[in-house]
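Asks: Quick one: the structure is below, and I'll ask about it shortly.
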Amino acid sequence: MSDLSPLAAALIAAHDTGTRAAPSAAPASAAEAYAVQEEVSRHFGAVGGFKTGLKPGADPIMAPVRADRVLASGAAVKVADKMGIELEVGFEILSPLPLGAAPADLAKHVRPLPVIELVDTRLDGPLAADPLAKLADQQVNYGLVLGTPLENWDGSDFGKLSGMLTVGDTAVLDGETEVPFGSALTTLSALANFIGTHCGGLQPGQIVITGSLTGLPYFPGGNDVRARIDGLGEVAVSLL
Numbered sequence: 001m002s003d004l005s006p007l008a009a010a011l012i013a014a015h016d017t018g019t020r021a022a023p024s025a026a027p028a029s030a031a032e033a034y035a036v037q038e039e040v041s042r043h044f045g046a047v048g049g050f051k052t053g054l055k056p057g058a059d060p061i062m063a064p065v066r067a068d069r070v071l072a073s074g075a076a077v078k079v080a081d082k083m084g085i086e087l088e089v090g091f092e093i094l095s096p097l098p099l100g101a102a103p104a105d106l107a108k109h110v111r112p113l114p115v116i117e118l119v120d121t122r123l124d125g126p127l128a129a130d131p132l133a134k135l136a137d138q139q140v141n142y143g144l145v146l147g148t149p150l151e152n153w154d155g156s157d158f159g160k161l162s163g164m165l166t167v168g169d170t171a172v173l174d175g176e177t178e179v180p181f182g183s184a185l186t187t188l189s190a191l192a193n194f195i196g197t198h199c200g201g202l203q204p205g206q207i208v209i210t211g212s213l214t215g216l217p218y219f220p221g222g223n224d225v226r227a228r229i230d231g232l233g234e235v236a237v238s239l240l
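Going by my numbering, the sequence shown opens with residue 1, and the numbers climb by one from there.
If you want it as structure tokens, here you go:
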């Protein structure tokens, strides 16, 4: 790993050992953070998808997800101390996404599914809260848990929704919620137009998640997580 940047080397070691790193410096820009993402992603190989989010007046943020951390509903995941849980609308890419297409025109190239994002940092110390360090650390993604893709989808967008998320005895969501910025297809379109070849670009078979419906609560192991997005489906994972 001698050719790696110090931050990439520290993050790879943290991934490999299940520990956390306390590097001395954060990236100075988003471009530097994305360069670190590329280094870490090359080390772990196949990319299973991307997380993305919109920011007012700015480029979308993005981060690759390790293919070996894309899990089926019902999986069990070991927790070091705590794990962040987010319920999200995801899209499975079925065919290449055309650049510049209107969000509604992407529907023929994807199919939606409910996804639980697992969130955990590889960082310790002051940089654990630094936005650019977090971006370099794959936007603190640990992995994804996938529900069943929706068959016979009519292409309707996802904005205002209802559903539920329970973790152990805690009801995180029970009722109405909304996709960040109001449109899952718009978020997908923004990523498709921005990502280029970053970490290999968007490829058929990958999953894109579009932002949390439930905030970012953290929970220890020993909890079963169950979720539903009404009209889309159910997804579950056990935290060990």
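Beta carbons: idealized from backbone N, C-alpha and C, even for Gly.
#1: Cβ of L202 within 8 Å of Cβ of G222?
#2: What does a CB cutoff of less than 6 Å around A46 pick up in its chain, not counting 5 residues either side in sequence?
#3: Secondary structure at F158, three-state DSSP: helix, strand or coil?
#4: In the structure shown, what three-state DSSP assignment does V40 receive?
#5: To the nearest whole angstrom, what separates the beta carbons of E178 and G159, a pair I think is in contact under 8 Å?
#6: Going by beta-carbon coordinates alone, are L270 and L213 separated by less than 8 Å?
#7: Check whether the Cβ of S24 lies closer than 8 Å to any Cβ atom in chain C.
#8: Consult DSSP for K134 and reduce its assignment to one of helix, strand or coil.
#9: Let's test the definition: count the other Cβ atoms within 10 Å of the Cβ of D272 and tell me whether it reaches 16, buried, or not, exposed.
#10: Would you call the segment 82-100 and the segment 126-138 touching, i.e. three or more CB-CB distances under 8 Å?
Replies: In terms of the structure at hand:
#1: no
#2: A67
#3: coil
#4: helix
#5: 6 Å
#6: In the structure as shown, the chain begins at 1 and stops at 240. Residue 270 is therefore absent and cannot be evaluated.
#7: Any reference to chain C falls outside this structure, which holds one protein chain only.
#8: helix
#9: The chain is shown only over 1 to 240; residue 272 falls outside these bounds and no answer can be derived.
#10: no
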